[in-house]
Amino acid sequence: MKNLNKLFLAAFLLISVPSYASDGMAVIDMRVAVLSTQQAQDTFKALEEDADYAAKVEQAQTLQADRQALAETLQKDGETMSQEEVASAQKSIQDKSQELEFIVGQIQAKQNETAEKIFRDMNPSLQKILSELLAAKQLKVLLARDTAIFADPALDITDDVTSMLDVAASGANE
Numbered sequence: 109m110k111n112l113n114k115l116f117l118a119a120f121l122l123i124s125v126p127s128y129a130s131d132g133m134a135v136i137d138m139r140v141a142v143l144s145t146q147q148a149q150d151t152f153k154a155l156e157e158d159a160d161y162a163a164k165v166e167q168a169q170t171l172q173a174d175r176q177a178l179a180e181t182l183q184k185d186g187e188t189m190s191q192e193e194v195a196s197a198q199k200s201i202q203d204k205s206q207e208l209e210f211i212v213g214q215i216q217a218k219q220n221e222t223a224e225k226i227f228r229d230m231n232p233s234l235q236k237i238l239s240e241l242l243a244a245k246q247l248k249v250l251l252a253r254d255t256a257i258f259a260d261p262a263l264d265i266t267d268d269v270t271s272m273l274d275v276a277a278s279g280a281n282e
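The sequence shown: position 148 = 256 (my numbering), numbered continuously.
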């Protein structure tokens, strides 16, 4: 009889632990929550329309196409080319690769700068919304989605926060 009681107790604990563990817990990807807002999308669209940024993207695409064309020519005609021509083509590919890497770095830096500005601008609203959501859902623990090994999708509040940020932004604009 004692063993049967221990078995029931163990079964009860195993069944109740997952429901207890998820009570008062949630996960969020704050980067996705903020960058998925309409305000963030509008800001990135404005960045893409910026003349300097668009010129750098165009330059990167042109360099990539030129580099690809040189590589294809080298592969196709490499056997019939002289050593000097092969060396020149390889040097040109290397130069274009370095230039492309530099320009892509500038593009990524501008994207990161824009994302950081969005985070700075939206941080007060984000903190307020998180506080309200923690209180409303009676959450005791909020984890970053990337730090959780596994999280039930039902615990993810990222979309809720994005929607609330959009509502807050549209309310501020009216």
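A virtual CB, placed ideally from N, CA and C, is assigned to each residue, including glycine.
- [ ] Compute the Euclidean distance between the alpha carbons of Ser190 and Gln206, then round it to the nearest angstrom.
- [x] By one-based count along the sequence shown, residue 190 stands at place 82. By one-based count along the sequence shown, residue 206 stands at place 98. Each residue's Cα considered, the two are about 24 Å apart.
Task: 8 Å Cβ cutoff met for Leu143 and Ala223 - done: Counting from 1 along the sequence shown, the entry for residue 143 is found at position 35. Counting from 1 along the sequence shown, the entry for residue 223 is found at position 115. Taking 8 Å as the Cβ cut-off, Leu143 and Ala223 qualify as a contacting pair.
- [ ] Go ahead and label Leu273 buried or exposed: buried means 16 or more other beta carbons lie within 10 angstroms of its beta carbon, across all protein chains shown.
- [x] Along the sequence shown, read from residue 1 onward, the residue named residue 273 stands at position 165. So Leu273 ends up on the buried side.
- [ ] For my contact list, Val147 and Met230 are in at a C-beta cut-off of 8 Å; report their separation, rounded to the angstrom.
- [x] As a first step, residue 147 must be located in the sequence shown, where it is residue number 39. As a first step, residue 230 must be located in the sequence shown, where it is residue number 122. Note that residue 147 corresponds to Gln in the displayed sequence, not to Val. At roughly 7 Å, the Cβ-Cβ gap stays under 8 Å, so Gln147 and Met230 are in contact.
Task: Assigned secondary structure, Ile265 (DSSP; H/G/I helix, E/B strand, else coil) - done: On the sequence shown, position 157 is the one that residue 265 refers to. DSSP, read as helix, strand or coil, puts Ile265 in coil.
Open item on the list: So for Met287, helix, strand or coil by DSSP?
Closed with: Residue 287 lies beyond the range of the chain shown here (109 to 282); nothing can be said about it.
Open item on the list: Checking 8 Å against the spacing of the C-beta atoms, do Ser275 and Ala141 come in under that value?
Closed with: Looking up residue 275 in the sequence shown gives position 167. Looking up residue 141 in the sequence shown gives position 33. Rather than Ser, the amino acid found at residue 275 in this sequence is Val. Not closer than 8 Å, so no.
Open item on the list: On the DSSP bridge list, what partners appear for Ala223?
Closed with: Position 115 of the sequence shown holds residue 223. Bridge pairing for Ala223: absent [DSSP].
TODO: Given a cut-off of 8 Å, decide if Asp254 and Asp158 are closer than it, judged by their beta-carbon atoms.
DONE: The residue you call residue 158 lines up with position 50 of the sequence shown. The residue you call residue 254 lines up with position 146 of the sequence shown. Here Asp158 is not near Asp254, since their CB atoms are 8 Å or more apart.
TODO: Go through its chain and collect everything with a Cβ distance to Leu182's Cβ below 8 Å, but skip five positions before and after it.
DONE: Start at 1 with the first residue of the sequence shown, and residue 182 comes out as number 74. Excluding sequence neighbours, Leu182 sits near Met189, Val194, Ala197, Gln198, Ile201.
- [ ] Rounded to whole angstroms, what's the CA-CA distance from Glu156 to Ser271? Just pull it up for me.
- [x] By one-based count along the sequence shown, residue 156 stands at place 48. By one-based count along the sequence shown, residue 271 stands at place 163. About 24 Å.
Task: Spatial neighbours of Leu251 in its chain, beta-carbon cut-off 8 Å, leaving aside the 5 residues before and after - done: Numbered from 1 along the sequence shown, position 143 holds the residue referred to as residue 251. Same-chain partners within the cutoff: Met133, Ala134, Val135, Ile136, Ala259.
Open item on the list: Here's the rule: buried if 16 or more other CB atoms are within 10 angstroms of the residue's CB, otherwise exposed. What is Thr170?
Closed with: For the purposes of this step, residue 170 is taken as residue 62 along the sequence shown, with counting starting at 1. Sixteen is the threshold: since fewer than 16 other Cβ atoms of the shown chains lie within 10 Å of the Cβ of Thr170, the residue is exposed.
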